[in-house]
Amino acid sequence: MVELTIDGKIVEVPEGSMVMHAAHKLGVYVPHFCYHKKLSIAANCRMCLVEVEKAPKALPACATPATNGMVVHTCSERAVAAQKSVMEFLLINHPLDCPICDQGGECQLQDLAVGYGGSTSRYNEEKRVVFHKSFGPLISAEEMTRCIHCTRCVRFGQEIAGVMELGMLNRGEHSEITTFVGRSVESELSGNMIDICPVGALTSKPFRYQARTWELARRRSVSPHDSLGANIVVQVKLDEVMRVVPFENEEVNECWISDRDRFSYEGLRIDRLESPMIKGDDGVWREANWADALQAAVQGLMAVRDQDGADKLGAIATEMATLEEMNLLARLARGLGSENVDVRTRLADPEFDASLNGAPWLGMSIGDVSSLDRALIVGSFMRADHPLITQRLRQIVKHGAQVSSIDVAADDPLLLLHGRMTVRPSQLADALAEVAVAVAALKSIAVPDEFAGVQAGEQAQKIAQSLVSGEKRAVLLGNVVSHATDASRIAANAQWIAQQVDANFGFLTAGANTVGAYLANAVPGRGAKTAQAMLEDGQQGYITLNLEPALDTNLGQRAVETLQNARFVVALTTYKSSAQDWARVMLPVGPFTETSGTYVNAAGQAQSFKGTVAGFAQSRPAWKVLRVMGNLLNLKDFEEESSESVRDTVLAAGAGSRLSNTISAGIGRSLVSKTDALERVADLPIYRSDAIVRRSEPLQEMSVSKLTAARVHPETLQAHSLSDGDMVRIKTEAGEVSIPVKADQTVPVAAIRLSAGFNETAQLGSVHSQLHMERV
């Protein structure tokens, strides 16, 4: 530790700290632009000049190491004079267009110019002009003349997002921030550049000219799009969501959010169901009042129970539902006598529930990810599934940690992987078996009989060596594992490895509230059907919550056909098009911005939030609708007056005691018979993951949201006498799709990468179907 004095106050900071860090520890504000606590030091704005005794000139606080006995003055006459000089230089070429700038009211340059700028300018020459640039559908760079070259955006791309999408050209007054040869910004974290830009050079394109910052009400909430539960601030004007920005929470999302969290609000305004609707026997939808629609829903469910039996009823929600909604839906189904309730719409392994001993979770706090020495990620499209956890892994790799991956497509995670095995989805258990054999050899323990005959390849040995070394280790399972047909076996193999190397074993979990689903008991009872089984086998009656079966399940169009063939379906839905093809009653319910509720993230952390805007048209919070339905059915314990009382009932016993990653299934090798058919790698693109995101127009304009080709390894193309760019027909028993084919080395041999989450690929039915490919 070193001790120094700043503005007469003594402070101790670790050796290697800068004067800026010491000032922050004291709570002393030093004006700055280029400095950011999460980025490397550039020291190119010079706004943080301070006076250091015995130094011949003012020094930048952000780049001056603190030393023992140093005496610093941040607001002395000499320091303030230096800061005012820098401000005068910054304003020489700045356009001074605050009245029309979207950054007006929250602009760092504007604020500091009040304190350090002059009332008049001594510069009478022409100001420089920088031509506007196109960075894509999310970031506006229409006024790059405002840029002060702090390079925060450049450093963010390199250090946080992991890809240098922006850089600086030329020198002096000719310097410009730009993309590489006119390319757009595609990073899944790119919107954070808007937040850290201290001027109005980079602004939000969807928000551009929509409102002034002082007109907005700010309300804290939680993002519903992945298992992190990023803390956000929803900014509202006249009961309409205008913008979403991060709320800083170091233990969850730090000060970042993904573009999915930031721009999905654009999907809140589109395709909304305005009033309850009932489909007549003639197939025509008609508006109804709430009383009539609820009576029709209740009578339809009771009729199915009375005529076909309670076991022919099923309740399905998505993992984006709140803890309260899940609990009330489960209680409603069980009150009708059915244990068929599930929210894990992509779970494909019928043995998975039997292998669990509690609610699967991350096995540690989100913050603990940043302290890992070794990590093995199994079955994850890391950047698409968990962008902010991937960002944490990116940071630990830069500090010497080793991260390895076993995956089904060799996408670039924008971090240096120590070891990597890319296999077909059906071979994940075998890949883990290889690592297990290598671990057994390194630990000098017997290889389990179940892995007899397995030979560890070079990459498996490299992964095993990494896991055996280090102090803090983790084996984490991603969405691909959770949705695999042999998820229990894959998890058992991973658990065996984690036990042998004394590593934390956990699940990244697929949805925003997957852990909450287990706590809310919104999973099937013993012997009951999972969501997939309900949609495969067919029930006579369903109650669904915000389900889009073709896109939210692994069954595609087959799920829609099952619901169409049911006797009665009541759909609680935010969007009209979600259920109009298969429901009999549609009840409008609000998204997360229009209801209070709780999400439990992958780390088992319950985060509650309030509604941020009033309900759209006649929509109501889903938990209230479910509670009233329980009253109309004369079910017990449906008297809650608030979502908080539902939450408190669910969490009364505490979440921690119910979290468990112990897998009781047996270890073993993959059980897949050889066939001439091709296997499907069905990734879920980041902006096709849920109903809200799929309706956000700016996110759908991104290249990753477009289905342009089926991607196949060159060897597979050669085996089928095809060439890159050929038009092919891909067929399953359920349907077919015609699409161009593209050669891609990242796809395993004998597999086709064809994304889920699109209406076109939903025609193929189950993502686990065998594929046949032929030239058109």
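Note that UniProt numbering numbers the sequence shown so that position 555 is 555, with each residue one more than the last. No residue lacks a Cβ here, since even glycine has one placed at the ideal position from N, Cα and C.
For the 8 Å CB-CB criterion, tryptophan 361 and valine 515 form a contact.
Counting of Cβ neighbours within 10 angstroms places valine 244 among the buried residues, the total reaching 16 or more. When the Cα atoms are used, serine 703 and serine 184 turn out to be separated by approximately 10 Å. Excluding the 5 residues flanking it on each side, serine 482 has same chain C-beta neighbours closer than 6 Å at Ala510, in chain order. 8 Å or more divides the Cβ of valine 560 from the Cβ of leucine 587. Judged by DSSP secondary structure, lysine 731 falls within the beta strand (DSSP E) whose first and last residues are 727-731.
Approximately 10 Å separates the beta-carbon atoms of arginine 78 and glutamate 53; this is outside 8 Å, ruling out the contact.
Closest option to alanine 665, judged by alpha-carbon separation, among Met421, Ala354, Asp412, Thr612: Ala354.
Distance from the CA of tyrosine 518 to the CA of valine 650, rounded to the nearest whole angstrom, comes to 10 Å. In the three-state reduction of the DSSP assignment, glutamine 745 falls in the coil class, being assigned neither a helical nor a strand state.
The three-state secondary structure of isoleucine 739, taken from DSSP, is strand. In the three-state reduction of the DSSP assignment, isoleucine 377 falls in the strand class. Here threonine 708 carries a coil assignment [DSSP, helix/strand/coil]. Counting the other CB atoms within 10 Å of its CB gives threonine 120 a total below 16, which places it among the exposed residues. When C-beta atoms of the stretch 341-348 are compared with those of the stretch 449-466, fewer than three pairs fall below 8 Å, so the two segments do not count as touching. Comparing alpha-carbon positions, the option among Glu325, Arg526, Asn231, Gly615 lying closest to alanine 622 turns out to be Glu325. Between the C-alpha atoms of alanine 291 and asparagine 634 there is a straight-line separation of about 16 Å.
For phenylalanine 568, the three-state secondary structure derived from DSSP is strand. Rounded to whole angstroms, the separation of the alpha carbons of methionine 47 and glycine 597 is 44 Å. For leucine 301, the closest C-alpha among the options Asn289, Ala315, Ala288 is that of Ala315.
The DSSP-derived three-state label of asparagine 192 is helix.
Residue nearest to cysteine 101 within the set Ile139, Arg208, Ile10, Thr67 is Arg208 (criterion: CA-CA distance). In terms of Cβ geometry, alanine 230 and aspartate 261 form a close pair [threshold 8 Å]. Fewer than three Cβ pairs drawn from the stretch 466-480 and the stretch 326-334 lie within less than 8 Å of each other, which leaves the two stretches out of contact. Per DSSP, aspartate 407 is one residue of the beta strand (DSSP E) stretching across 402-407.
By the 16-neighbour rule on beta-carbons within 10 angstroms, asparagine 357 is exposed. A straight line joining the alpha-carbon of serine 577 with that of aspartate 239 spans about 23 Å.
In the DSSP assignment, histidine 24 falls within the alpha helix (DSSP H) that extends over 19-26. For arginine 260, the enclosing alpha helix (DSSP H) starts and ends at 259-263.
With a cutoff of 8 Å on beta-carbon distance, isoleucine 463 and glycine 419 are scored as near each other. Here tryptophan 496 is buried, its C-beta having at least 16 other C-beta atoms within 10 Å.
About 5 Å separates the beta carbons of isoleucine 92 and tyrosine 123, which is inside the 8 Å limit, making them a contact pair. DSSP, reduced to helix, strand and coil, places aspartate 552 within a helical segment of the structure shown. For tyrosine 116, there is no enclosing beta strand (DSSP E); the enclosing alpha helix (DSSP H) covers residues 108-116. Counting along the chain, the unbroken beta strand (DSSP E) around tyrosine 599 starts and ends at 597-600. Restricting attention to alpha helix (DSSP H) runs no shorter than 4 residues, the stretch 435-504 encloses them at 458-468, 479-482, 487-500, ordered along the chain.
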